[in-house]
Amino acid sequence: MLKLINIVILILIATASAAQINNDTLITDISLFRDSCTIDNNSSLFVDSNNVISLSNILQPINWRPFNYYGLKKKFVPPYWLNKSIYLKFTLRNAAQIADTIYFFPGISFRKIKLYSVFDDKKIQLIKDESRNDGFQPIYLAANQTTTFVAELKLSKKVMNSFAPIIIQKKHLKKFKQISYAVSYDLLIVGYMLSGLLLMMIIFNIANFRSGKKSEFLYNCAYAICMFLLIFFNTFMQRRSGIYASFFMGYLEFVLLIGGMVFYIAFTRKFLDTATLYPKLNSLFIFEEKLLIFLLSFFTIIYFFTEIFWLQSFIENFSKLTTMVIG
């Protein structure tokens, strides 16, 4: 009988301990780390699959699941999340005796980050957005302050997106960016070398156009400018975050590619004088120019005015295949 009582007591103690650990792990103490800290295990996640949730009822417990509940493989999000609003809830505590500022960073795959602070477990207030440029949102916590936050996130409109929420100490932010933005040395060399060659090509075509006033050199110069901007900014922004990097990787990169191809076809028509020497080929080139311009216009409408990502992705892939066939 005594053994049975001891076993029951041990079970109750273990259960109580587990409950206490569970409560504590839902709170991240920013005074306990020096550089950065992942918060996926200490946060809750809600994906608004039907896009119907409102801020007035977002805090209802039934909405939330532990971050790991969704089983994100290697932190990559499923494609159907792309058009959904993603909400992340986490609690931060500053146990130190002085105020501190940390930075919330959900990853490089977000075009919109809105952060709210929660009051009295039922009211939320929008925090000033300072994440537009680089994707890092500062959070100020007074001494001994504990606050719950809700982040409203929108994924970038691109094929591969990852989600790994993290908080960074203010003094470590510069170093964290340097590490995050670092691309392999070989890729940097190739990217900047190609950019340099294209820059020389731009100067060469400008000089030829000024000396001969031939329009084909102007078209070739425009093509080189598009390719220069495409390669340079793709190398520069490959691992960066924020609204500008998201806009480039999701839209502007495609615009530069298609624009460059249109200018190159125009250069080919003028350089070979296809209108006189090869009329059938000239008609084909003109059709290709119009097709690419139409696809770019359609892509623009889909990107800015709809959330139909599968169609956007199809147009992008079809256009790239078309440019390869044209080549």
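Heads up, the sequence shown is in the numbering used here, so the first residue is 180 and it goes up one at a time.
Yeah, the Cβ is synthetic: ideal placement off N, Cα and C, and Gly gets one too.
In this structure Leu211 does not touch Lys301 by the C-beta definition: roughly 28 Å separates them, more than the 8 Å allowed.
Counting only runs of at least 3 residues, the stretch 247–287 fully encloses the following beta strand (DSSP E) elements, listed from N- to C-terminal order: 264–273, 279–284. For Tyr295, no alpha helix (DSSP H) run applies; the uninterrupted beta strand (DSSP E) run containing it begins and ends at 289–298, by DSSP.
Here Leu409 is not bridged, per DSSP, to any residue.
For Ile480, there is no enclosing beta strand (DSSP E); the enclosing alpha helix (DSSP H) covers residues 458–484.
Looking at the DSSP output, Asp208 shares a beta bridge with Arg272. By alpha-carbon distance to Phe464, the top candidate from Asn221, Met440, Thr479, Leu475 is Met440. Between the C-alpha atoms of Ile265 and Phe342 there is a straight-line separation of about 10 Å. Note: Ser223 is bridge-paired with Pro245, Lys268 in the DSSP secondary-structure output. For Asp308, same chain residues with a beta-carbon under 8 Å away, outside a window of 5 residues either side, are Ile292, Lys293, Leu294, Gln316 in chain order. Per the C-alpha coordinates, the member of Phe493, Leu205, Ile218, Val226 positioned closest to Leu332 is Val226. Distance from Phe411 to Ser374 at the Cβ level is roughly 4 Å; contact confirmed, criterion being Cβ atoms closer than 8 Å.
A distance below 8 Å between beta-carbons, with the five flanking residues on each side excluded, links Asn387 to the following residues of its chain, in chain order: Lys393, Phe396. The beta carbon of Asn262 sits closer than 7 Å to the beta carbons of Glu486, Phe488 from its chain, once the five residues preceding and following it are set aside; these are given in chain order. Secondary-structure assignment with DSSP links Pro344 through no beta bridge to anything.
Under DSSP, Lys333 takes part in a beta bridge, and its partners are Lys291. Around the Cβ of Ile277, a 10 Å sphere holds fewer than 16 other Cβ atoms; the residue is exposed.
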